[in-house]
Amino acid sequence: MLVAKYIKNPVEVKIERVQAASKITTLEGSQQTNDTQYLVTGIKGEQYAIESEVFAEYSPVDGREGYYSKPLTQEPVWVAQLAYPINIHRPGWEHAGKAGDYLVFKAADDQYVIDKEVFEVTYSLAS
Numbered sequence: 001m002l003v004a005k006y007i008k009n010p011v012e013v014k015i016e017r018v019q020a021a022s023k024i025t026t027l028e029g030s031q032q033t034n035d036t037q038y039l040v041t042g043i044k045g046e047q048y049a050i051e052s053e054v055f056a057e058y059s060p061v062d063g064r065e066g067y068y069s070k071p072l073t074q075e076p077v078w079v080a081q082l083a084y085p086i087n088i089h090r091p092g093w094e095h096a097g098k099a100g101d102y103l104v105f106k107a108a109d110d111q112y113v114i115d116k117e118v119f120e121v122t123y124s125l126a127s
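In my numbering, the protein residues as written are 1 to 127.
This is the structure in structure tokens:
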């Protein structure tokens, strides 16, 4: 498995406050949400919840109410393209990756799967 560093592109996503705790379906599995989080709707209509400290990294997009993007000046993350399906389980959510999807490593306890089509639009190889 080839591992490389990538950075997230400044794509525009819709973000709204989670109104009540619920379980959502993501492209890669499911996630439990709570009313302290924000719900992101991405480029393929995929949804996932983020914590308020992650939301604080986003900036509003001029002329598009409810849309935000992150600046390109982020720390790179380690990424590997999956050669085979995997499942990741953590309290509150689970991810299932297909062969061709990407596994992102932010920290020892922070890994997640991103759908191949979404990843290839939203991330770039770090220089």
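All C-beta atoms, glycine included, are put in the ideal place defined by N, C-alpha and C. Since the model is a prediction, treat every value here as computed from it, not as a measurement.
{"Asked": "Using a Cβ-Cβ cutoff of less than 8 Å, which residues in the same chain neighbour Gly-42 once the five nearest sequence positions on both sides are dropped?", "Found": "Val-11, Val-13, Tyr-48, Val-118, Thr-122"}
{"Asked": "May I have the straight-line CA-CA distance separating Glu-28 from Gln-74, to the nearest angstrom?", "Found": "24 Å"}
{"Asked": "What residue ranges within the segment 57-99 form continuous beta strand (DSSP E) runs of no fewer than 3 residues, ordered along the chain?", "Found": "67-69, 77-81, 86-90, 93-97"}
{"Asked": "Compute the distance between the beta-carbons of Ile-114 and Asp-101, then report whether it is under 8 Å.", "Found": "yes"}
{"Asked": "Among all the DSSP beta bridges, which residues are the ones paired with Gln-111?", "Found": "Phe-105"}
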